[in-house]
Amino acid sequence: MGNKRIVGALELCDLPELAISNLNIRVDTGAATSSLHVDNLEEFEKDDELWVSFDIHPDIHDVDRIVRREAKVQGQKRIKSSTATREHRYVINTPIVIAGEQWLIQLTLTDRSEMTYLMLLGREAMAGRFLVDPEHDFLLTGQD
């Protein structure tokens, strides 16, 4: 088990390249890939590479606050969603910070408007770093 830290079912994270801080996330060992809720997803080319622009609601308590972001597309995946439907998603790489530790994760962009949390942290992003205690929330980030 090495130096793995214990996370709760919910934690807070920062996504510094997307200028998002203190985002409530659901830790989900049932999801391989992490996902982020976005709206108005549009693809475009920049320097002969595929990029996407999208809207994010960085504060779960202020849905009227919307920020527009851009990211280089790293790939595309077909994901089986929680409703068992297959969905095509863009994949971006972005740094994540949880409890002061930063590393690069793959993040799929999708519509999670029907879900409670704007972001899921999946197994691939947690591999080698965390163990999950599903009975508790905010074990690393100290929220109630």
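Residues in the sequence shown are numbered consecutively from 1, following UniProt numbering.
No residue lacks a Cβ here, since even glycine has one placed at the ideal position from N, Cα and C.
Nearest to S21 by C-alpha distance, out of E87, G75, E11, is E11. With respect to I96, V7 sits apart: the two C-beta atoms are not nearer than 9 angstroms. The secondary-structure analysis by DSSP pairs K77 across a beta bridge with R89. Of all alpha-carbon atoms in F130, V27, E114, I92, the one lying nearest the alpha-carbon of V73 is that of I92. For D137 and A9, the gap between their C-alpha atoms comes out near 5 angstroms.
At least 9 angstroms separates the beta-carbon of A19 from that of R123.
In the three-state scheme derived from DSSP, where H, G and I count as helix and E and B as strand, E135 is classed as coil.
Assignment of beta-bridge partners to I96 by DSSP yields W103. L41 is positioned such that its CB atom lies no closer than 9 angstroms to that of L107. In the displayed model, A125 falls within a helix according to three-state DSSP.
Distance check between E70 and each of P134, K46, L121 places K46 closest, using alpha-carbon atoms only. Under the three-state reduction of DSSP, L23 is assigned to strand.
Cβ-Cβ separation between T85 and E17: approximately 29 angstroms, too far for a contact (criterion under 8 angstroms). Rounded to whole angstroms, the gap between the alpha carbons of I79 and S113 is 17 angstroms. In the structure shown, the three-state DSSP call for L140 is coil.
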